[in-house]
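Down below is the structure, laid out as structure tokens.
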Amino acid sequence: MTTAAVTADGRRTKAKPATMAQALGRALRDSMAEDPTVHVLGEDVGTLGGVFRITDGLAKEFGDDRCTDTPLAEAGILGAAVGMAMYGLRPVVEMQFDAFAYPAFEQLMSHVAKMRNRTGGAMPLPITVRVPYGGGIGGVEHHSDSSEAYYMATPGLHVVTPATVEDAYGLLRESIASDDPVIFLEPKRLYWSKADWSPEAPAPVEPIGKAVVRRSGRGATLITYGPSLPVCMEAAEAAVAEGWDLEVVDLRSLVPFDDETVAASVRRTGRAVVVHESPGFGGPGGEIAARITERCFHHLEAPVLRVAGFDIPYPPPMLERHHLPGVDRVLDAVARLQWEADS
Amino acid sequence: MTVQELPGAAAYRPTPPPAWKPITDPAPLLPDPEPYRVLGTDAVADVDPELLLRLHAELVRGRRYNAQATALTKQGRLAVYPSSTGQEACEIAAALVLEERDWLFPSYRDTLAAVARGLDPVEALTLLRGDRHTGYDPREHRIAPLCTPLATQLPHAVGLAHAARLKGDDVVALAMVGDGGTSEGDFHEALNFAAVWKAPVVFFVQNNGFAISVPLAKQTAAPSLAHKAVGYGMPGRLVDGNDAAAVHQVLSEAVARARRGEGPTLVEAVTYRMEAHTNADDATRYRVDSEVEAWKAHDPVRLLEHELTGRGLLDDEGIAQAKEAAEHMAAALRDRMNADPELTPMDLFTHVYAEQTSQLREQAAGLRAELDAEQDHDEHGAEAGR
Ligand SMILES: Cc1ncc(C[n+]2csc(CCOP(=O)(O)OP(=O)(O)O)c2C)c(N)n1
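Residue numbers (this note's numbering), protein chains in the order written: chain A, 291 to 633; chain B, 28 to 413.
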């Protein structure tokens with residue numbers, strides 16, 4: 291299926307089905323072509339094009355010095371990126387999988403997040419750290435963690451996660467252009483999701499920090515991001531049969547957090563469920579629920595609920611479907627919003 | 028030794044593993060077993076007397092700076108100070124071998140190197156005073172922020188040097204670390220990156236015998252810290268860290284090598300921490316006086332003074348002059364440190380991000396209100412008391 295799209299200068303162009311992985315790769319390519327200070331570095335990002343092929347072709351087009359296969363050492367990669375940024379480059383670091391970013395936490399927490407602050411604003415670090423995250427792809431252990439809560443809890447970092455092909459492109463461009471470090475979380479299980487998308491006419495993306503209403507409704511708000519957006523969209527469609535009219539908010543950015551869009555939605559609907567696949571205890575949902583309660587207490591018809599992964603280390607692949615919040619669990623939560631009492 | 032033959036084994040002809048060839052010949056990378064010395068040897072004849080005199084003046088000043096900063100901790104003007112007394116030769120040489128365009132990556136103990144490189148002595152102390160983390164713009168002096176988490180500044184030095192080379196700039200980064208810091212993962216990752224990338228970096232280890240209380244023997248089983256270089260494919264050099272001329276020469280050679288594009292060097296300076304880890308530490312719990320006394324006989328200032336007076340390059344008057352200049356510096360430092368630093372609480376929110384998040388704006392407004400209320404209260408209270 292192809293549809294027409296219109297470029298910024300008014301030309302009509304063919305939109306073809308593209309995957310999120312392709313859109314991410316295109317964002318890297320366009321950023322590198324536009325700005326010679328953008329450098330990509332990581333494990334296997336060169337000849338192989340990354341284990342998810344996101345960096346495919348970059349080394350060929352821009353050379354080894356712009357897209358660099360590094361030694362296998364995450365702290366070294368991120369630490370070197372800090373030095374590169376100190377000297378005026380814009381490094382984009384690829385972490386191979388969520389759990390393999392942990393060796394780099396020291397650099398991330400002590401330096402990447404703090405350098406601007408430590409130096410009284412004299413030394414910002416425009417680093418983008420791309421982290422494929424989350425489960426649902428049948429990965430063996432250490433390949434499916436949802437690590438967003440750690441990053442969210444670290445002031446000085448932006449934490450961004452796209453859920454659509456358009457956003458994957460737009461948000462990554464925005465992240466690379468940002469003068470602050472961005473943890474760019476890529477939902478692995480959406481890498482192969484498709485949309486009609488034309489790189490020549492990417493949808494305009496707002497600056498990092500804006501949530502978006504993906505589906506309007508007046509009955510309750512599902513608040514979600516990244517890998518759980520499709521789940522929530524599906525749940526919202528299924529809910530129609532129950533007579534529930536659900537709104538779905540895609541956060542797109544966890545830091546900064548768009549209180550305004552979230553609160554506006556919950557004030558309209560009076561009910562909210564936060565959905566994510568990372569463990570619920572100490573997870574993003576608790577923070578989000580608290581923020582909603584603080585802002586919308588008098589509008590709430592029911593407590594804010596959370597639907598999250600279990601509080602367990604990520605399970606083996608043959609069991610992961612039991613762990614990941616699916617449509618049924620989301621609908622159960624919606625049902626628990628004392629729905630009948632109101633209708 | 029005979030090996031029992033397996034059935035059919037005769038058909039096999041043993042061959043070496045197909046991919047094996049050494050990447051680098053280790054022999055030229057190995058450090059000499061004895062720390063390199065210049066003072067008191069024939070090698071000193073080749074050193075420019077001007078350089079020796081400069082080193083002497085800087086060493087005297089550095090020693091005085093250490094004493095003054097330690098005194099300031101006792102007056103409550105500094106929260107903490109890790110003295111580098113006994114290590115001045117390392118600190119000064121590290122600063123003096125670099126060109127203006129080069130970068131220094133110091134650890135928390137290397138205040139002196141930063142000052143010798145030209146940093147304002149008060150700005151160099153803000154981290155330790157506690158009013159600001161980094162009191163200076165790192166780009167202005169090309170000195171990275173004094174780094175507290177051990178060895179984490181080393182990969183930064185590699186990245187910066189690498190970036191400079193990619194941009195075609197003739198810049199070298201000198202990164203300083205203690206003996207304890209060489210056990211950290213970041214040390215090893217940085218060395219490996221630097222060697223693979225041939226980055227123009229010099230790693231400078233000040234082996235002062237202890238990591239807080241832990242002696243070198245509990246830190247490593249390597250023949251020397253300089254030996255660690257070989258495993259990464261870079262040369263290791265061992266130098267007497269109390270011999271200012273030797274440290275200057277070895278670091279200069281390593282910097283020149285990096286500048287020529289020949290890659291990184293690991294330099295280990297054997298020295299001694301004469302004072303406790305910081306003013307908060309009690310060194311008598313883990314080391315004996317006789318050891319300290321032995322090192323006193325090998326004091327870096329005395330070694331250099333001895334050499335210079337012996338060769339007629341320095342007399343009592345020259346020594347007195349150096350001391351006087353140091354006193355001036357100390358008096359100025361004392362005066363300026365005795366002024367209370369200006370604190371602006373609203374700055375807490377200013378430099379977290381380029382643009383404040385709405386969350387931070389909210390919190391800033393909250394603190395603003397608190398501060399205003401405090402001020403109202405103070406003014407009101409003052410009036411009532413009149
Ligand atoms: C990653 C990390 N772990 C622990 C500490 C606490 N700490 C501060 S100094 C120090 C000893 C460092 O010894 P060494 O590297 O030999 O340097 P020196 O203090 O002797 O100059 C320790 C353990 C730290 N700063 N960073």
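Just so it is clear, CB atoms sit at the ideal spot from N, CA and C, and this is done for glycine as well.
**Message:** Could you check whether the Cβ of residue 206 (chain B) sits closer than 8 angstroms to any heavy atom belonging to ligand 1?
**Reply:** Proximity of the beta carbon of residue 206 (chain B) to ligand 1 is indicated: a heavy atom of the ligand is located closer than 8 angstroms.
**Request:** Note the first and the last residue of the continuous alpha helix (DSSP H) segment covering residue 93 (chain B).
**Result:** Counted as a single uninterrupted DSSP element, the alpha helix (DSSP H) harbouring residue 93 (chain B) occupies residues 76 to 101.
**Request:** Have a look at residue 272 (chain B) and residue 88 (chain B) and give me their C-alpha separation to the nearest angstrom.
**Result:** A direct Cα-to-Cα measurement between residue 272 (chain B) and residue 88 (chain B) gives close to 17 angstroms.
**Request:** State yes or no: is the C-beta of residue 562 (chain A) within less than 9 angstroms of the C-beta of residue 586 (chain A)?
**Result:** It is a contact, given that the beta carbons lie within the stated cut-off.
**Request:** Give the single residue among B:243, B:179 and B:235 whose Cα lies nearest to the Cα of residue 214 (chain B).
**Result:** Ranking B:243, B:179 and B:235 by Cα distance to residue 214 (chain B) puts B:179 first.
**Prompt:** Can you list, in chain order, the stretches of the beta strand (DSSP E) that have 3 or more residues and sit fully within the stretch 592 to 619 of chain A?
**Reply:** Here the runs fully enclosed are 595 to 599.
**Request:** Output the boundary residues of the beta strand (DSSP E) element that contains residue 566 (chain A).
**Result:** Taken as a continuous stretch (DSSP letters only), the beta strand (DSSP E) holding residue 566 (chain A) covers 562 to 569.
**Message:** Using 8 angstroms as the cut-off, can you tell me whether the stretch 310 to 327 of chain A makes contact with the stretch 458 to 478 of chain A, which would need three or more C-beta pairs spanning the two stretches below that distance?
**Reply:** Cβ pair count under 8 angstroms is three or more, so yes.
**Message:** I'd like to confirm the pairing. Which residues does DSSP put opposite residue 473 (chain A) in its beta bridges?
**Reply:** Bridge partners of residue 473 (chain A): A:419 and A:449.
**Item:** alpha helix (DSSP H) segment containing residue 461 (chain A), residue limits
**Value:** The continuous alpha helix (DSSP H) containing residue 461 (chain A) extends over residues 455 to 467.
**Prompt:** chain B partners of residue 376 (chain A), CB-CB under 9 angstroms?
**Reply:** What residue 376 (chain A) touches in chain B: 130, 165, 166, 171, 183, 186, 187 and 190.
**Message:** Under 8 angstroms, with one C-beta from each stretch per pair, do the stretch 354 to 367 of chain A and the stretch 329 to 338 of chain A reach the 3-pair mark?
**Reply:** Note that the stretch 354 to 367 of chain A touches the stretch 329 to 338 of chain A; at least 3 beta-carbon pairs, one per stretch, sit closer than 8 angstroms.
**Message:** For residue 415 (chain B) and residue 445 (chain A), I'd like the C-alpha separation in whole angstroms.
**Reply:** Residue 415 (chain B) lies beyond the stretch modelled for chain B, which goes from 28 to 413, so this question has no answer here.
**Asked** Closest by CA to residue 255 (chain B), which one among B:292, B:129 and B:380?
**Response** Here the closest residue by C-alpha is B:292.
**Message:** In whole angstroms, give me the CA-to-CA distance for residue 592 (chain A) and residue 188 (chain B).
**Reply:** So the two alpha carbons sit approximately 57 angstroms from each other.
**Request:** Compare the C-beta of residue 28 (chain B) against all C-beta atoms of chain A and say whether one is closer than 9 angstroms.
**Result:** Residue placement at residue 28 (chain B) is poorly supported in this model, since its pLDDT is 46, which falls under 50; the coordinates are not used for a value here.
**Asked** What residues in the stretch 388 to 420 of chain A bring their beta carbon closer than 7 angstroms to a beta carbon of chain B?
**Response** Listed by position along the chain: 396, 397, 400, 401, 406, 407, 408, 409, 410, 411, 412, 413 and 414.
**Message:** Measuring straight from C-alpha to C-alpha, what distance separates residue 601 (chain A) and residue 568 (chain A)?
**Reply:** Taking the Cα positions, residue 601 (chain A) is about 8 angstroms away from residue 568 (chain A).
**Asked** So residue 186 (chain B) is in the beta strand (DSSP E); what residue range does that whole segment cover?
**Response** Where residue 186 (chain B) is concerned, there is no enclosing beta strand (DSSP E), although the alpha helix (DSSP H) around it starts and stops at 180 to 193.
**Prompt:** For residue 441 (chain A), which of helix, strand or coil comes out of DSSP?
**Reply:** Residue 441 (chain A): helix per DSSP, three-state reduction.
**Message:** Does residue 269 (chain B) come out as helix, strand or coil in the three-state DSSP assignment?
**Reply:** DSSP places residue 269 (chain B) in coil when its eight states are reduced to three.
**Prompt:** Should residue 132 (chain B) be counted as a contact of ligand 1 given a C-beta to heavy atom distance under 8 angstroms?
**Reply:** Distances taken from the Cβ of residue 132 (chain B) to the heavy atoms of ligand 1 include none shorter than 8 angstroms.
**Item:** Nearest to residue 539 (chain A) (by Cα), restricted to the options A:553, A:425, A:474 and A:615
**Value:** Nearest to residue 539 (chain A) by C-alpha distance, out of A:553, A:425, A:474 and A:615, is A:553.
**Request:** Using a Cβ-Cβ cut-off of 9 angstroms, state whether residue 80 (chain B) counts as contacting chain A.
**Result:** Not one chain A Cβ lies under 9 angstroms of residue 80 (chain B).
**Request:** In angstroms with no decimal places, state the Cα-to-Cα distance between residue 72 (chain B) and residue 344 (chain B).
**Result:** Distance from the CA atom of residue 72 (chain B) to the CA atom of residue 344 (chain B), rounded to whole angstroms, is 23 angstroms.
**Prompt:** What residues are listed by DSSP as bridge partners for residue 386 (chain A)?
**Reply:** Under DSSP, no beta-bridge partner is assigned to residue 386 (chain A).
**Asked** Taking the alpha carbon of residue 322 (chain B) as the point to measure from, which residue in B:305, B:281, B:229 and B:298 has its own alpha carbon closest?
**Response** It is B:298.
**Asked** Who are the neighbours of residue 377 (chain B) on chain E, taking C-beta pairs under 9 angstroms?
**Response** Chain labels in this structure do not include chain E; the protein chains are A and B.
**Message:** At the level of alpha carbons, what is the spacing between residue 426 (chain A) and residue 478 (chain A)?
**Reply:** Roughly 8 angstroms separates the two Cα atoms.
**Message:** To test your reading of the DSSP string, which unbroken alpha helix (DSSP H) runs of 4 or more residues are found completely within the stretch 495 to 540 of chain A?
**Reply:** With a minimum length of 4 residues, the unbroken runs of alpha helix (DSSP H) contained wholly in the stretch 495 to 540 of chain A fall at 519 to 530.
**Request:** With residue 219 (chain B) as the anchor, note down where its alpha helix (DSSP H) starts and where it stops.
**Result:** For residue 219 (chain B), the enclosing alpha helix (DSSP H) begins and ends at 212 to 224.
**Prompt:** Can you list, in chain order, the stretches of the alpha helix (DSSP H) that have 4 or more residues and sit fully within the stretch 267 to 304 of chain B?
**Reply:** Fully enclosed alpha helix (DSSP H) runs of 4 or longer: 271 to 286.
**Message:** Quick check on this structure: which residue in A:376, A:487 and A:531 has the alpha carbon closest to the alpha carbon of residue 401 (chain A)?
**Reply:** Ranking A:376, A:487 and A:531 by Cα distance to residue 401 (chain A) puts A:376 first.
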